[in-house]
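Residue numbers (full-length UniProt numbering): 1 to 723. We put the CB at the ideal spot given by N, CA and C, even for glycine.
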């Protein structure tokens, strides 16, 4: 249902309803045009004429004589982080239901207006869900799994109602529902850290991380928490350990551990004869172990519930090759067997790129004779992620191994004649929790379209290919917009949504390409679709449905137009509602005239039963060939209770004492007044026009209206130079 339109665009009319001015603020980062104007009225006119304009900043120019007018293609709701204080400016946006303080979405939602149809949607924060963000976040990954969220990935939970936590949920291993609190992949994150780091957590949920001891305490406060450890060694042996009892105390008790009930294939290195129960957590700057001489955390380069000292050290050094002491590495000991967690290096190479090379990242230049040998050198070099191969000045060849690639350092990929650039597809596959690799495939791009209000990042890129790569490596990116910016360069806008979940945000944007992913992992899109359908079901009590008598109802979106008595529906939408040929017979033809005076081709009339909030009304519709929104006129809107007439302004005569109608843009713009005045003075001298000094009843700067003055002369055209 349309709640109220802020912008109206037709062939003959461009109009905006602006919200109240907000003094001392401006919206930055989304300016699409900037001019200097003589007045705010002139700035408003600029925004009205610019179809992409949703708000403007108005402030003092440098010369102090004119004013800066900055037009934006966003607003203070969709780009809340860009809404800042600025003493010399004021901000004004298009009127929308969000202007009521965001009460539609409550405290846990951000109200995002849709200026095309006047509706709003709520962007939820802190893990809250639902159309108005009223559903509290789940307490655990297990609860999310029970609610139907069966795809591994990043979620927001709140274990105890205090504050939300973003976590990695493993929804596949052993039935799913596991909250991953530690992961080691490739040694890219330093785990030999102090007490505060382990208290608060560190790393990246998309890579290596420790979730934090404070969070671990909150996660294990319930009575039914189990621990699972998944390990893989260099030879590909995969084992696991599971404990039915797992609790971590708070910081006051130094995160004391309670653990027991082992089951699995890895052997018991935390309970049983080597139990770590009742041990406090130790770091290099906080010694809480029971060893009489050594400080276990410092000696074995880790942080753990050490005793005397350990048979497990999962936060130890991540050794990437042979080393002398196994005790300071990531290890899990049981009996006489030692599982050493080292990276299982598996590399596959993409197609080579001719006449390109990656600069500034070279770590080694081995002597080779062929490209095949260069590739082998990169394969066996643990840190190599790409290589350049080409001729050297001696007529031989050079092989340059790099520890980066064109995805992470796109600006370093340059043209280099007769060279081949070759990058790996992926690097390293070691997990403590089995988490699927994020795989993205892209649909066909859509020309002249862009997804608004969902942008999470705007990286600097030069080509659409690099923009796609940026979306690929951004874990939360699901689509991107690519197109020209005002400097003649290009802009790459990454979004955390797509046109499936937010179809109203997909708008026309000249010379842009909109590109969406097919999948994030094997189940993610099906989960999003399910959520979208669920949301739709919850909103059905607020929808309008139409049907022929005794037929199935069909929800429709209607535009309210209180300026007409006629209800209008397009032939295309009529055919979707009326499926039976016997119901498709139309009544007599009508002639409709649009506001601009043009005639609208009509197919005939029909009767539909409209359902809204328990009311059922048989309503006449005019069926047209024009593709446009379904329109409900004033009479039907009153009968359904969609609008209320508080005061009728219809009258047969005008009160002589009534004052003039005042319109914010009723005068000729300041910079045109002098030119107008010269011409009008000439016409006055010729006796063609006469000046009017007292208030007149015009509503705009130029009106065409027939009136008779005291001498019986007819006047038609009126021009207002100033209020």
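Span separating the alpha-carbon of residue i from that of residue j
i: residue 528; j: residue 166; result: Residue confidence for residue 528 is low, a pLDDT of 23 falling below 50, so the modelled location carries little weight and cannot support an answer.
i: residue 47; j: residue 413; result: 41 Å
i: residue 138; j: residue 176; result: 15 Å
i: residue 437; j: residue 33; result: With a pLDDT of 33 at residue 437, under the threshold of 50, the modelled position of this residue cannot be trusted; read the value that follows with caution. Their backbone Cα atoms lie some 42 Å apart in a straight line.
i: residue 185; j: residue 242; result: 20 Å
i: residue 123; j: residue 455; result: 13 Å
i: residue 84; j: residue 26; result: 6 Å
i: residue 349; j: residue 371; result: 13 Å
i: residue 174; j: residue 264; result: 12 Å
i: residue 507; j: residue 396; result: 54 Å
i: residue 504; j: residue 120; result: 10 Å
i: residue 470; j: residue 192; result: 31 Å
i: residue 236; j: residue 207; result: 20 Å
i: residue 604; j: residue 143; result: 54 Å
i: residue 538; j: residue 105; result: Low local confidence applies: a pLDDT of 20 at residue 538 is under 50, so the model's placement there is unreliable, and no value is given.
i: residue 45; j: residue 180; result: 55 Å
i: residue 446; j: residue 692; result: 56 Å
i: residue 674; j: residue 719; result: 13 Å
i: residue 374; j: residue 107; result: 58 Å
i: residue 49; j: residue 190; result: 55 Å
i: residue 738; j: residue 353; result: Because the chain spans 1 through 723 in this model, residue 738 falls outside it and cannot be assessed.
i: residue 601; j: residue 593; result: 9 Å
i: residue 458; j: residue 634; result: 45 Å
i: residue 417; j: residue 390; result: 8 Å
i: residue 626; j: residue 51; result: 22 Å
i: residue 574; j: residue 422; result: 56 Å
i: residue 361; j: residue 419; result: 16 Å
Among the options, nearest to residue i - alpha-carbon criterion
i: residue 37; options: 244, 137, 66, 199; result: 66
i: residue 642; options: 57, 610, 160; result: 610
i: residue 157; options: 224, 187, 125, 186; result: 125
i: residue 91; options: 162, 110, 266, 70; result: 70
i: residue 249; options: 678, 479, 213; result: 213
i: residue 41; options: 59, 29, 331; result: 59
i: residue 474; options: 160, 492, 686, 293; result: 492
i: residue 415; options: 297, 388, 441, 207; result: 388
i: residue 616; options: 600, 601, 640; result: 640
i: residue 385; options: 406, 129, 398, 93; result: 406
i: residue 607; options: 619, 446, 329, 133; result: 619
i: residue 262; options: 255, 245, 383, 252; result: 245
i: residue 18; options: 79, 99, 61; result: 99
i: residue 170; options: 183, 577, 575, 355; result: 183
i: residue 630; options: 682, 309, 576; result: 576
i: residue 303; options: 291, 285, 292; result: 285
i: residue 462; options: 502, 494, 410, 420; result: 410
Beta-ladder partner(s) of residue i, from DSSP
i: residue 141; result: Answer is none; residue 141 lacks a bridge partner.
i: residue 293; result: None, per the DSSP bridge assignment.
i: residue 230; result: 240
i: residue 507; result: 450
i: residue 111; result: 122
i: residue 602; result: 624
i: residue 629; result: For residue 629, which the question treats as bridged, DSSP gives no partner whatsoever.
i: residue 72; result: 31, 55
i: residue 359; result: In the DSSP output, where bridge partners are listed per residue, residue 359 has none listed.
i: residue 179; result: 169
i: residue 92; result: 56
i: residue 491; result: 483
i: residue 724; result: Any question about residue 724 goes unanswered here, given that the chain covers just 1 to 723.
i: residue 210; result: 182, 202
8 Å contact criterion, which residue i and residue j should meet: CB distance rounded
i: residue 257; j: residue 231; result: Between residue 231 and residue 257 the Cβ distance is about 19 Å, and since that is not below 8 Å, they are no contact.
i: residue 621; j: residue 557; result: Residue 621 to residue 557, Cβ: 15 Å. No contact.
i: residue 24; j: residue 86; result: 7 Å
i: residue 94; j: residue 55; result: 7 Å
i: residue 299; j: residue 269; result: Not confirmed; about 18 Å, so no contact.
i: residue 221; j: residue 159; result: 7 Å
i: residue 515; j: residue 468; result: 7 Å
i: residue 483; j: residue 512; result: 3 Å
i: residue 291; j: residue 255; result: No, residue 291 and residue 255 are not in contact; Cβ-Cβ is about 18 Å, not under 8 Å.
i: residue 271; j: residue 239; result: Contact flag wrong, Cβ pair sits at about 16 Å.
Distance cut-off 8 Å: residue i Cβ against heavy atoms of the ligand GDP
i: residue 568; result: Inclusion of the ligand GDP in the displayed structure is not the case, the ligand content being empty and no account of it being possible.
Checklist entry - Using 8 Å as the Cβ pair cut-off and three pairs as the minimum, do the segment 375 to 385 and the segment 400 to 414 touch? => result Yes: the two stretches touch, three or more of their Cβ pairs being nearer than 8 Å.
Item to check | Cβ contact check for the segment 96 to 115 and the segment 143 to 154: 3 or more pairs under 8 Å | outcome: no
Item to check | Any 3 or more C-beta pairs closer than 8 Å across the segment 220 to 229 and the segment 198 to 210 | outcome: no
Checklist entry - Are three or more beta carbon pairs between the segment 478 to 494 and the segment 449 to 467 nearer than 8 Å? => result yes
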